[in-house]
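In the working numbering, the protein residues as written are 2 to 425. Okay, so here's the structure we're looking at.
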Amino acid sequence: MRHRRFRPYRPILAWTLAAAAALAAAPPTTPSTRPNCPRLSAGWYGDNRARLQEVIDARGTCAGGTRDGGRPVAAFDWDNTVTKNDVTDATVSWALRHDGILRPASWKATSEWLTDAADRALTAACGTRVPVGAPLPTATRPRCADEILEIREAGRTMSGAAAFAGHWNHRRTVPQYAWVPQLFAGHTPAELSSYARRARAEALAAPIGSTRTLGTHTVPAYVRHYDRQRDLIRTLRRAGFDVYIVSAGSEPVTEVWSRGIGIDAAHTIAIRSVLDRHGRITTRNQGCGGTPASRGETIPYIDGKRCWINQEIYGVRGAAAWQRQDARHRTVIAAGDADTDVTFVGDATGAHLVLNRNKGELMCRAYDDADGRWLVNPMFIEPLPRKQALYPCSTSAYTAPDGATGPVRRRDGSVVPDLADTVY
Numbered sequence: 002m003r004h005r006r007f008r009p010y011r012p013i014l015a016w017t018l019a020a021a022a023a024l025a026a027a028p029p030t031t032p033s034t035r036p037n038c039p040r041l042s043a044g045w046y047g048d049n050r051a052r053l054q055e056v057i058d059a060r061g062t063c064a065g066g067t068r069d070g071g072r073p074v075a076a077f078d079w080d081n082t083v084t085k086n087d088v089t090d091a092t093v094s095w096a097l098r099h100d101g102i103l104r105p106a107s108w109k110a111t112s113e114w115l116t117d118a119a120d121r122a123l124t125a126a127c128g129t130r131v132p133v134g135a136p137l138p139t140a141t142r143p144r145c146a147d148e149i150l151e152i153r154e155a156g157r158t159m160s161g162a163a164a165f166a167g168h169w170n171h172r173r174t175v176p177q178y179a180w181v182p183q184l185f186a187g188h189t190p191a192e193l194s195s196y197a198r199r200a201r202a203e204a205l206a207a208p209i210g211s212t213r214t215l216g217t218h219t220v221p222a223y224v225r226h227y228d229r230q231r232d233l234i235r236t237l238r239r240a241g242f243d244v245y246i247v248s249a250g251s252e253p254v255t256e257v258w259s260r261g262i263g264i265d266a267a268h269t270i271a272i273r274s275v276l277d278r279h280g281r282i283t284t285r286n287q288g289c290g291g292t293p294a295s296r297g298e299t300i301p302y303i304d305g306k307r308c309w310i311n312q313e314i315y316g317v318r319g320a321a322a323w324q325r326q327d328a329r330h331r332t333v334i335a336a337g338d339a340d341t342d343v344t345f346v347g348d349a350t351g352a353h354l355v356l357n358r359n360k361g362e363l364m365c366r367a368y369d370d371a372d373g374r375w376l377v378n379p380m381f382i383e384p385l386p387r388k389q390a391l392y393p394c395s396t397s398a399y400t401a402p403d404g405a406t407g408p409v410r411r412r413d414g415s416v417v418p419d420l421a422d423t424v425y
């Protein structure tokens, strides 16, 4: 087997001290005196639009931020940050309804952590009649679709048994996320991209709020781009920012969707599968920060998103890619919606944009607002109601590498108190 070659990175050059001094010495300006500065559209919660615009004006082309050849960077999670609903799930849904998953030689071999119970459940539900490498009849065998969906969504079998067991770093991976590209082993990236394109067309055409039934599962039938996020990305690019997508989905799928808003493959980072000598997806993925290729041990997930940003955008190699970099080698704006995004969103130097989906650690850090740069916005489509209970920031909202839960701590070690949900 061979690794899929990493794309060449483009190191981001820091602003020079001279440029910074010149900017500091310049007379203060206001948006009204900057007629050529890209402007965000309305539709944001509270003062979020004004605060984002302030960062864009200060760090983009209006402030001379690209005079020395460097470009400020913004990074966005994709699923439920740029779109409403999960595009990887939409692709899995389409594949299950069109017999798009190939029978593996061994279900157990698809994941490093798949349990014997899951192996037995998948074998019983999906059968052994079709040859290895042939399409599974998931469109006409709802039991098979049910088992796959339950393992993907909940990490358990339809009977309730744990689908994954063992040891993994809970801030670098989660088995059911890594399992999705592993499900498409045997396909080429081009074939998976074609599934994603068809799933995309279907999901964008489906009415908002619509669902469909697969086996006994009810899943969203629609996906929508958030207009405000598309506008933010467009404004950032016009203001001289390099904009990246960083997702814990499968890269061929994410690339199809990011291309739809003008983000090319070179600016899309997701789970990168290792290909075999025939160019087909395997159950292994590329590593980050000095870790080798594996069956899912290192993906763009929590601390893994920081690693991939440091490695692919800023050219940081080896173990250092896991560490928070100096301000010159971090994003200016970062946006996310879930705990999988908390590390890279927190690394941003200008604004940490959070869409509220009631995810514990992320919302604790957002509402604590330790550096005064956290912006919380309700979801733009079907926002959640207010969470009635306090977020358990002081006790259990943080997940440690070994999976244990504990208090969320600030960088100085102090504990974040339990906090109320106030933006919904």
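The beta-carbon is built from N, C-alpha and C at its ideal position, and this holds for glycine as well.
Legend entry - Cβ neighbours of VAL175 in the same chain (closer than 7 Å, five flanking residues each side left out): Counting from 1 along the sequence shown, the entry for residue 175 is found at position 174. Taken in chain order, the residues that qualify are TYR302.
Inset, instruction - Taking only the alpha-carbon atoms, compute the straight-line gap between ALA25 and THR332 and give it to the nearest angstrom. - result: For the purposes of this step, residue 25 is taken as residue 24 along the sequence shown, with counting starting at 1. For the purposes of this step, residue 332 is taken as residue 331 along the sequence shown, with counting starting at 1. Residue placement at ALA25 is flagged as unreliable, the pLDDT there being 38, under the threshold of 50; the coordinate-derived value follows with that caveat. When only Cα atoms are considered, ALA25 and THR332 end up about 21 Å apart.
Legend entry - As assigned by DSSP and simplified to three states, the class of HIS279: As a working note, residue 279 is residue 278 in the sequence shown. Looking at HIS279 - three-state DSSP - the assignment turns out to be coil, as it is neither helix nor strand.
Legend entry - Proximity below 9 Å, CB of THR84 to CB of ARG225: Your numbering for residue 84 matches position 83 in the sequence shown. Your numbering for residue 225 matches position 224 in the sequence shown. Cβ distance < 9 Å, so THR84 and ARG225 count as in contact.
Legend entry - Contact set for ALA179: own chain, Cβ-Cβ below 6 Å, skip 5 residues either direction: Position 178 of the sequence shown, counting from 1, holds the residue named residue 179. Cβ within range, chain order: GLY297 and ILE300.
Legend entry - CYS394 vs ALA240 beta-carbon contact at 9 Å: Position 393 of the sequence shown holds residue 394. Position 239 of the sequence shown holds residue 240. Going by beta carbons, CYS394 and ALA240 fall outside the 9 Å limit.
Inset, instruction - Could you check if VAL133 is buried or exposed, using at least 16 other CB atoms within 10 Å of its CB as the buried criterion? - result: In the sequence shown, counting from the first residue as 1, residue 133 sits at position 132. With fewer than 16 other Cβ atoms within 10 Å, it is exposed.
Legend entry - Touch test, the stretch 46 to 61 against the stretch 103 to 120, Cβ-Cβ under 8 Å, three pairs minimum: No: the two stretches stay apart, fewer than three of their Cβ pairs being nearer than 8 Å.
Inset, instruction - Check whether the Cβ atoms of SER274 and TRP79 lie closer than 9 Å to each other. - result: Residue mapping note: residue 274 aligns to position 273 of the sequence shown, counting from 1. Residue mapping note: residue 79 aligns to position 78 of the sequence shown, counting from 1. Using a Cβ distance threshold of 9 Å, SER274 and TRP79 do not count as a contacting pair.
Inset, instruction - Would you kindly work out how many angstroms separate the C-alpha atoms of PRO384 and ASN359, rounded to a whole number? - result: Counted from its first residue, the sequence shown places residue 384 at position 383. Counted from its first residue, the sequence shown places residue 359 at position 358. Roughly 10 Å between the two C-alpha positions.
Inset, instruction - State the beta-bridge partners of ILE303 as determined by DSSP. - result: Locating residue 303 in the sequence shown gives position 302, counting from the first residue. The beta-bridge partner set that DSSP reports for ILE303 is empty.
Inset, instruction - Quick one: which unbroken beta strand (DSSP E) runs of 3-plus residues sit fully inside the stretch 185 to 229? Chain order, please. - result: Taking only runs of at least 3 residues, the beta strand (DSSP E) segments lying wholly in the stretch 185 to 229 are 212 to 215 and 218 to 221.
Inset, instruction - Could you spell out where the beta strand (DSSP E) holding LEU115 opens and where it closes? - result: Stepping through the sequence shown from its first residue, residue 115 is reached at position 114. Neither: LEU115 is in no beta strand (DSSP E) and is coded neither H nor E.
Legend entry - THR214 burial status per 10 Å Cβ neighbour count (16 or more: buried): Here residue 214 corresponds to residue number 213 of the sequence shown, with the count starting at 1. Classified as exposed, THR214 has fewer than 16 neighbouring CB atoms from the shown chains inside 10 Å of its CB.
Inset, instruction - Flag this pair as touching only if the stretch 193 to 209 and the stretch 140 to 156 have three or more C-beta atom pairs under 8 Å; answer yes or no. - result: Not touching, per the Cβ criterion.
Legend entry - Whole-angstrom distance between SER107 and MET159, CA atom to CA atom: Taking the sequence shown and counting its residues from 1, the one referred to as residue 159 is at position 158. Taking the sequence shown and counting its residues from 1, the one referred to as residue 107 is at position 106. Pairing MET159 with SER107, the inter-Cα distance amounts to about 19 Å.
Legend entry - Spatially closest choice to ALA352 from LEU233, PHE381 and GLY290, by CA coordinates: Along the sequence shown, one-based indexing puts residue 352 at 351. From the listed residues LEU233, PHE381 and GLY290, the smallest Cα separation to ALA352 is found for LEU233.
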